[in-house]
Structures are given as C-alpha cells and as structure tokens.
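Protein sequence lines correspond, in order, to chains Y and B.
Residue numbering for the first sequence follows this note's numbering, beginning at 1 and increasing consecutively.
Residue numbering for the second sequence follows this note's numbering, beginning at 1 and increasing consecutively.
Even glycine gets a Cβ: it sits at the ideal position worked out from N, Cα and C.
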Amino acid sequence: MKILRKFFIVLMLFFLYAPLLVMTVFSFNSSKSTSVFEGFSLKWYEQLLYDAESITALQNTLILAILSALIATVLGTVAAVGIFKMKKGAMKTALTTVTNIPMMTPEIVTGVSLMLLFVFMASIIGKKEALGFGTILCAHITFNLPYVILNVLPKLKQTDVHLSEAAEDLGCTPVKAFMKVVFPSIYSGIFTGFIMSFTLSLDDFVISYFTSGPSFQTLPIRIYSMTKKTVKPTMYALSTIIFLTVLVLLVLVNLSQSENKKSKFKPKLMKALSILVCVAIAGSMTAVSIISRNLKNTTLKTEAVFNRDLAGTTLNVYNWGEYIADGSDATIDVNSTFEKLTGIKINYTNFESNEEMYAKIKAGSSAYDIIIPSDYMIQRMIREELLLPLDYSKLTNYHYIADEYKNLYFDPENKYTVPYNVGMVGLIYNEKMVEEAPDSWEALFDNRYKGEILTFNNSRDAFAIAQFALGIDVNSLNKNDWNRAAEKLKQQNSVLQARVMDEVFNKMESANAALTPYYAGDYHIMKQSNKNLKFVYPKEGTNIFVDSVCIPKTAQNYDAAMLYINFLLETEVALANAEYICYASPHTGVINSDNYTYKNDPILYPSDEVKENTQYYHDLDPEVRSYYENLWIDVKLN
Amino acid sequence: MNTTFGKRLLNVPCLVWSSIFIIVPLFIVLYYTFSDGKGGFTLDNIYELGLYKDVFITSIIYALVATFICLILSYPFAYFLTKISPNSQKMMVLLVMLPMWMNLLIKTYSWTVILDNNGVLNRILNMLGFDSVKFMGTPGAVILGMVYDFIPYMILPIYTTISKIDKSYLEAAADLGSNSFSKIKRVVLPLSLPGVLSGITMVFVPSISTFYISQKLGNGMILLAGDIIETQFKIPNYPLGASMSLVLMIFIIISIAVMNKFGDNDKGGIMI
C-alpha cells in the first residue's frame with residue numbers, strides 16, 4: 001500500500017514535470033530548434049547575457065507577482081472572513097458571486113473591459129498616460145481575489161466558531177481572538193491562496209497585455225510577442241534557470257526545516273545557504289543587466305551626426321516581438337545604439353498581433369510614439385485617423401526605400417508610412433515526404449498527403465489559400481466568393497493534420513508534417529534544423545505584406561519619433577535588422593550590400609514574375625470581416 | 001453592537017474593490033451586450049448566439065470531463081500527501097505549483113514535442129514494439145491540456161482541507177469499527193467537501209473559457225468557447241464577444257449555485 005502510494009505520487013509529479021524536462025533539454029540545444037536536438041551547447045545561456053530586456057521583464061514580473069499576490073491575499077482573507085460571518089442571504093450570495101466574476105470571465109473580456117475602465121478613469125483626472133504599473137497591479141489583484149477567497153473560505157468553515165467566541169469571552173478583543181485562534185487554523189488556506197495568486201500573476205499574458213503601458217513589460221508579454229517569429233531558445237534557458245533555482249531553494253528550505261536530528265544537514269547552515277542563494281540570484285540579475293548593456297555593440301561606422309537636442313526625453317516604441325536587432329550574434333543593438341547617440345530613452349514594448357495593437361491605440365490608452373503595423377491595419381488606422389502624417393523633410397534616409405514600396409495602396413500619397421519589412425507567403429514542403437515537388441496550392445488539398453498537411457490557424461491567411469487556388473480575389477466583398485472559399489476549406493478538413501501558427505516550426509523541423517504554407521523568411525529558420533525542407537511560390541499567386549513604421553496619434557514625442565525612423569533607415573541599422581529578422585528588406589542600401597547574407601536570395605527576393613502574381617490584403621468592411629469569421633468557425637466545426 | 005459593526009467593516013475593502021474593478025467592467029460588458037455598435041439598443045447579439053450553441057456545448061463537456069479527471073487524480077494524491085512527513089508536505093505543495101510558474105507557451109511547445117506523431121512518446125511506443133498513436137489533435141489531447149493546466153488548483157484546496165481534519169475523528173471511527181475504506185468514505189470525504197467544491201470551481205470555471213494549451217494540443221482542429229470569444233474581440237466585434245462571455249458567465253453562476261446546493265451543508269452558506 002505504502003509503495004503504491006509513493007508510486008502514485010511519483011507518477012503525478014512526472015506528469016507535471018514532463019514538459020519541464022523537455023524544456024531543460026532544449027535549453028542546451030546547439031540549434032535554434034525547440035523540437036530537434038542537434039547537440040549540446042551553452043550558447044543560449046551565453047546569449048542571455050545580451051538580453052537585458054528579458055532580465056528587466058523578469059524583474060518586473062516578479063515584483064508584480066509578489067505585490068499583487070500579497071495585496072490579494074490580505075484583501076481576500078479579510079473578505080473571506082467577512083463573507084463567512086455574514087448571515088446567509090441575498091447579500092452574502094451576491095458578494096461571493098461578484099468576487100468570483102473575474103474567474104468566470106474569459107481573459108480577453110476582463111483585459112479589454114479593465115483597459116476601457118482605466119482609460120476612462122485617466123480621462124476624468126486628465127492623465128495622458130492611462131496605463132502603467134498601477135493599472136496592471138490592480139488588474140492582477142482583481143483576478144487573484146477569487147482564488148484567495150476560494151482557498152480561505154473552506155478552511156473557515158472547518159474552524160470551530162465556538163473557539164473564537166470562547167476567546168472573546170475570556171477577554172480577547174475580536175482582532176486578538178482572530179489572530180490567536182482563527183488565523184493559525186486557516187493559515188494553510190491563506191498560504192495556498194497566496195501561492196495560487198503568485199502563480200496566476202506570474203504567467204498571465206492576456207490581461208497583462210491590455211492593462212500595461214509602454215513603461216512596463218512583463219516576461220510573458222515578451223515571450224508571447226515572439227510568436228510573430230519564433231520563440232528564442234534564450235527563453236528556454238531563462239526558464240530553466242528559474243526552474244532549477246526554485247527547485248534548489250525548495251530542497252534547501254526543506255532540509256533547513258528538517259527535524260531529524262541525525263540528519264547530516266545542519267538546518268542553520270541550510271537556512272544560511274538558501275538566503276545566500278537568494279542574494280546571489282538578485283545580485284546576478286542586476287549584474288547581468290549591467291553587463292549586457294556594456295557587452296552590446298552600440299557603435300556605428302556611419303559618419304552621420306546625431307542631434308542631441310532631445311536628450312533626456314522618452315520615446316515609446318511599440319513593435320512585434322523579435323522584430324529588431326538586439327545585439328546578439330554580433331549584430332548592432334539598435335535601440336541601445338539610438339539611446340547612446342541621441343540621449344533619448346527608449347521604452348520598448350511588444351505586441352503579438354495587429355488586432356491587439358489596434359485595440360490599445362484605438363482606446364487611446366497610452367502615449368505610444370512609434371508603431372509598426374502591417375499594411376491592411378495601416379489602411380484601417382489611416383481611415384480612422386489614428387495616425388499622424390510624417391514629416392518627410394526630416395527623413396534624409398528615405399531615398400533608400402525601393403520605389404516599388406512607395407505609394408502602396410494603403411498609403412497612396414506617402415504621408416504616413418516608412419516600409420520596414422516585406423514578407424510573402426509560400427509553400428514549404430519536406431522533399432522526403434512528397435512524391436513530386438509541388439507547384440500549386442492544390443498540394444494542400446491533396447489526398448495523397450492526408451494527415452500530413454498543415455495550414456494557417458488564422459482566418460484571413462487560411463482563406464487566402466483557398467481563394468488563390470480558386471482564382472478568387474482575396475479582397476472580394478462578394479459574400480458568394482467567401483462562401484465558395486469556405487466550401488473549398490471544408491474539403492480540406494479531411495486531409496489536414498493541424499492548423500498552426502508559430503507551432504509550424506516544431507512540426508516542420510521534426511518532420512511531423514509534409515506540407516505547410518508559411519512566410520518566406522521563416523523558411524530559412526526552419527531549414528537550419530531540417531535540410532529536407534524546400535520552398536516554392538505556387539503558380540496561382542500569393543499574398544505579400546509590408547510592415548511599416550508609423551507614428552500614431554497618441555504620440556507625445558513626435559520629433560524623437562522622426563529621428564528614430566530616420567535612424568532605422570541608416571544602411572547599417574537596416575542591414576542589422578534585415579539579418580536579424582530574416583524577412584525581405586525594402587531598403588536599397590541593404591539589398592545591394594555585399595555584406596548582406598541574403599543578397600539576391602531567390603526566396604526573399606523572388607523574380608519579378610513571382611512578384612507580379614502577388615496580392616496585398618486590404619482592410620475589409622467590418623461586416624465582411626464578421627461574415628468570413630463566422631464562415632471560418634463553420635469551417636472549423638465541419 | 002461594537003462587534004457587529006466590526007464585522008460589517010470587514011466587508012468594506014472588498015466591496016469597494018469589487019465595485020470599481022469588477023462591477024464597473026461588468027457594466028461595460030453589459031453595455032456592449034445590448035449595443036448595436038452605433039450607440040443603439042439591440043437584442044441581436046443575444047439572438048446571434050444560437051449559431052454558436054455547439055461550440056458552447058463542446059466546451060462545457062470538455063470542461064466537465066477535465067474537472068472529473070482532475071478530481072479523481074487529485075483526491076488520492078492530496079490524501080496521500082497528508083500521510084507523508086509534515087515538512088515534506090510543505091515542499092510537495094510547492095512542487096505541485098512550481099510547473100505552473102513556467103511559461104505556458106514553452107510548456108505547450110514541450111507537450112507538442114512529447115505528443116506529436118513522431119514525438120517522444122510515440123518513439124518510446126515504437127521501441128517497445130507498439131504502433132504509433134495519434135495523440136495531437138484528438139479530444140484526449142485537449143482534455144490533457146486542461147487537466148495539466150488546472151490540476152494544481154484541485155489538489156491544493158483538497159489537500160488543505162484534508163490536512164485540517166482532526167486526527168481524533170479518525171481514531172474514533174477506527175474505535176467504532178471502521179476499516180480504512182469506510183473511514184475515508186464516512187469521515188474524510190464529508191469533512192473535505194468544502195475543499196472539493198472549491199477545487200471543482202477553480203478547475204471547471206477557467207476550463208470553459210481556456211484556449212491556449214488545449215487549442216494548441218488540439219492542433220487547431222477543435223473549436224472552444226474561448227476561441228470564438230477571442231475572435232470576436234479581434235475582429236473587433238465587442239458586442240458579440242461581450243454577449244458570449246455574459247451568457248457563459250450566467251451559465252457558470254447557475255451551475256455553481258446548483259452544485260453548492262447539492263454539495264454544501266447548512267454551515268457554509270453558498271460559496272459562490
């Protein structure tokens with residue numbers, strides 16, 4: 001029986017820790033893949049030294065988690081005692097139900113409604129910057145509250161009410177009676193409430209995203225935002241360090257409390273050791289962030305003189321994750337270099353999708369100065385007057401932008417945008433898993449590859465494939481066209497293995513699937529881990545997108561923003577970004593540079609013939625958007 | 001007099017907090033539910049929900065199954081925990097929580113590596129001479145994701161209530177001739193019920209609207225309520241998204257009230 005018991009406990013722990021074992025293994029991988037292990041290496045740990053943003057984000061996350069858990073625990077415990085002492089009735093039910101609402105609401109609903117509340121409150125007191133540390137803290141306390149109450153209430157129900165009454169009869173004040181009698185017996189509930197709150201706060205992404213501003217970014221926001229590209233294994237290294245440190249601390253603390261006299265571990269020594277470990281961690285975190293700022297390459301070869309008139313001001317830059325050179329792999333750290341040259345401080349935060357970025361700008365939540373949306377979103381933002389016109393006279397480097405990326409449909413008069421990156425969708429396939437090299441989108445509907453086909457798990461991109469295959473305009477406003485595409489997608493259901501976004505890297509690298517559509521630049525990353533992967537632009541044509549730098553109307557530091565845009569156009573900076581991001585560059589200085597790894601790369605820079613056969617997504621009417629989103633749900637349910 | 005006043009005072013901080021950060025956002029959700037997006041009143045959003053009936057039902061079934069599995073795994077686990085030395089118990093509580101401190105996205109990728117068609121688990125099966133099994137994309141994988149995400153929230157409240165049970169009750173039961181099975185059935189189970197109810201609430205409620213791990217382990221082929229609400233907020237169609245989440249909330253409130261009515265005895269009052 002006892003052995004069975006132990007076996008069960010071990011088995012459960014194994015279930016809980018299995019993914020963490022995988023994580024630990026891949027943190028030592030020598031390649032960028034998180035699914036194919038290619039050899040032991042410490043390089044991701046080394047690269048952490050360059051990642052000051054992640055270290056800062058981790059510090060922010062920890063401070064937020066501890067503070068919000070502490071406050072929620074106090075508030076929740078008081079509330080639980082209050083609720084417990086209330087007479088049964090409507091009021092009691094109402095209060096308990098209300099405190100549970102944050103748990104019942106999908107995160108995105110809580111996030112958006114709290115953001116709208118904070119923006120409204122800020123507008124009342126006339127504050128420009130609605131979101132910051134205070135708002136994200138309030139949000140975290142709110143969603144932690146029900147978990148504390150749900151842990152403390154059952155313990156209160158177990159305590160004998162007569163005990164505290166007896167204590168009061170014996171002359172204790174109610175507070176003293178609570179502290180002496182009730183508190184010790186509900187302590188374990190309070191403790192688990194605290195631990196749960198801490199846990200929830202530590203890994204929250206959605207609510208944090210909507211309630212945080214440009215000056216405060218947490219680690220989960222940083223990691224989720226990386227899914228536009230791929231999650232960097234440095235995040236695996238960082239997580240492994242956190243995981244192992246906590247594990248060691250737990251063991252030390254446990255040993256220090258060991259009552260076993262015969263134990264060879266001296267409790268005091270262990271206690272001292274665990275304190276030492278804590279101090280060492282705090283110290284090394286600070287050290288790493290200082291070192292990393294000095295390690296990074298922040299010198300430009302350029303002769304350009306930078307104006308330091310704006311030194312001391314702050315610039316809020318809002319970009320996709322992993323979408324700027326950060327100084328690793330001997331590239332330039334773009335943001336630190338700009339800070340050094342101009343004296344302007346950059347608050348750099350990330351978003352995960354155009355739609356989430358739009359929601360925050362639209363609400364006017366924060367004073368973002370620079371954003372980098374995609375084409376169709378820019379069209380919508382211009383239409384809704386959310387962008388400020390750029391002062392092109394200050395953009396001395398604008399002439400580098402290739403003519404084909406000027407006057408694009410979303411900004412026909414070139415008033416609002418400077419192109420940053422160009423991407424195209426193509427077909428990636430594993431040559432060992434297909435019978436002949438595909439050249440058409442029809443390959444994704446081919447019965448021969450049943451169960452080995454992937455497609456986009458995002459409505460617009462998935463529909464586009466069916467639309468190209470059927471020869472329908474991707475920007476059609478005709479509902480019938482969308483219906484036809486939906487029918488085509490329903491036929492695809494039976495051959496599909498999965499609908500993926502960022503998981504595509506794992507599935508293609510480890511040869512779990514044969515065919516997938518994805519973005520051209522990302523093919524180069526996948527290919528590093530699986531040499532059998534090939535890429536083709538299907539003959540029916542494909543989607544092209546341009547992400548451009550814009551200044552939203554929330555900007556508070558327009559001049560610094562202009563300076564920053566011009567800085568991004570410095571050939572050296574643009575080259576570093578093009579190398580790091582691995583998408584095609586619209587910058588002629590980069591395209592023609594002999595130092596550019598992807599110079600004349602046929603995938604990033606395909607022939608004119610391929611390019612003529614591409615379509616941009618336009619921003620569609622909300623009614624059409626709702627229409628095809630519903631069709632998409634229908635396709636998925638089929 | 002003084003003490004009742006004191007007791008009322010206890011509720012003030014929570015009431016103030018809830019009014020600002022829970023009630024007001026709730027009104028924002030209500031506003032959107034009955035809004036046509038142009039400032040007018042409409043019930044269309046509610047009518048439109050009928051289209052998504054199947055998704056809601058699927059989500060509820062999955063959440064129920066996940067909650068049930070969590071319960072049957074957690075109860076013995078929590079019970080066994082109370083049997084080991086007190087110091088190790090504290091460590092075990094933290095050990096159960098620790099995996100939840102790691103980033104969800106990284107854990108999801110790791111599950112993919114384990115469960116994929118030629119993942120770790122299938123390779124082990126092949127080595128043992130079995131055929132590969134398709135795990136990813138099945139309802140089983142989605143439920144596994146939910147169980148993995150939420151099981152600590154079931155284990156911990158059950159553990160804290162079982163550990164609080166007065167040992168003398170168990171001795172008394174043994175003296176009165178109970179064997180260990182009936183001791184559990186007649187003493188431990190009823191006394192740990194509040195913890196079980198808390199655990200069920202903390203697993204079932206978030207499971208309904210979850211989508212991350214489960215969506216990814218479902219290979220994007222299984223649609224849950226959390227997905228479609230997120231989609232509405234991205235379109236953005238706040239009115240429809242808000243009405244979906246309101247309906248979900250009402251459903252959850254009713255089902256928990258029913259659960260507590262059955263499960264709770266006279267002492268506790270309704271927990272939700």
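Runs of beta strand (DSSP E) with 3 or more residues, each lying fully within the stretch 132 to 202 of chain B, are absent. For residue 239 of chain Y, the nearest CB of chain B lies under 8 Å from its own CB, placing it at the interface with that chain. Interface with chain B (8 Å Cβ-Cβ cutoff): residue 196 of chain Y is included. Positions of the alpha helix (DSSP H) runs, each at least 4 residues long and wholly inside the stretch 505 to 575 of chain Y, are given as 520 to 527, 558 to 568 in order along the chain. Comparing C-alpha distances from residue 24 of chain Y to each of Y/586, Y/242, Y/299 shows the shortest one belongs to Y/242. Residue 580 of chain Y carries a helical assignment under DSSP once its states are collapsed to helix, strand and coil.
Non-local C-beta neighbours of residue 249 of chain Y in its own chain, meaning closer than 8 Å and more than five positions away in sequence, comprise 274, 277, 278, ordered along the chain. Cβ contact annotation for residue 73 of chain Y (same chain, cutoff 7 Å, sequence separation greater than five): 148, 190, 193, 194, 197, in chain order. Residue 103 of chain Y reaches chain B at 205, 206, counting residues in chain order whose Cβ is nearer than 7 Å. The count of Cβ pairs closer than 8 Å, one atom from the stretch 96 to 103 of chain B and one from the stretch 151 to 162 of chain B, reaches three, so the stretches are in contact.
Taking residue 446 of chain Y as reference, the option from Y/102, Y/469, Y/424, Y/234 with the minimal CA-CA separation is Y/469.
By alpha-carbon distance to residue 524 of chain Y, the top candidate from Y/453, Y/426, Y/616, Y/401 is Y/426.
Two segments are said to touch when three or more pairs of C-beta atoms, one from each, lie closer than 8 Å; by this definition the stretch 460 to 467 of chain Y does not touch the stretch 349 to 365 of chain Y. The beta carbons of residue 551 of chain Y and residue 560 of chain Y sit no closer together than 8 Å. A straight-line Cα-Cα distance of about 26 Å links residue 492 of chain Y and residue 623 of chain Y. Contact check for residue 231 of chain B and residue 629 of chain Y: beta-carbon distance about 6 Å, within the 8 Å limit, so the pair qualifies. Nearest to residue 166 of chain Y by alpha-carbon distance, out of Y/181, Y/157, Y/158, is Y/181.
Straight-line spacing of the CA atoms in residue 191 of chain B and residue 169 of chain B works out to 10 Å.
DSSP, reduced to helix, strand and coil, places residue 219 of chain B outside both helices and strands of the structure shown, so it counts as coil. Closer than 8 Å to the CB of residue 171 of chain B there is not a single CB belonging to chain Y. For the stretch 186 to 203 of chain B, the beta-carbon criterion of a distance under 8 Å to any beta-carbon of chain Y is satisfied by 191, 194, 195, 197, 198, 201, 202. Here residue 34 of chain Y is not near residue 212 of chain B, since their CB atoms are 8 Å or more apart. At a Cβ-Cβ threshold of 8 Å, residue 455 of chain Y and residue 496 of chain Y count as neighbours. Taking the Cα of residue 103 of chain B as reference, the smallest distance to any Cα among Y/20, Y/618, Y/55, Y/386 is reached at Y/20.
Taken through DSSP and simplified to helix, strand or coil, residue 615 of chain Y comes out as strand. Within chain Y, the residues whose beta carbon sits less than 7 Å from that of residue 54 of chain B are 637, listed in sequence order.
When DSSP reads this structure, residue 418 of chain Y sits in a beta bridge with Y/549. When the Cα atoms are used, residue 553 of chain Y and residue 19 of chain B turn out to be separated by approximately 32 Å. Residue 401 of chain Y is bridged by DSSP to Y/587. The three-state reading of DSSP puts residue 500 of chain Y in strand, counting E and B together. Residues of the stretch 100 to 130 of chain Y with a C-beta atom less than 8 Å from some C-beta of chain B are 100, 101, 102, 103, 104, 105, 106, 107, 108, 109, 110, 112, 113, 114, 116, 117, listed in chain order. For residue 364 of chain Y, the closest Cβ of chain B is not nearer than 8 Å. Contact annotation: residue 228 of chain Y and residue 322 of chain Y have beta-carbon atoms nearer than 8 Å.
In this chain, residue 479 of chain Y is not harboured by any beta strand (DSSP E); it is covered by the alpha helix (DSSP H) spanning 479 to 492. The three-state reading of DSSP puts residue 370 of chain Y in strand, counting E and B together. Going by beta carbons, residue 537 of chain Y and residue 438 of chain Y fall outside the 8 Å limit.
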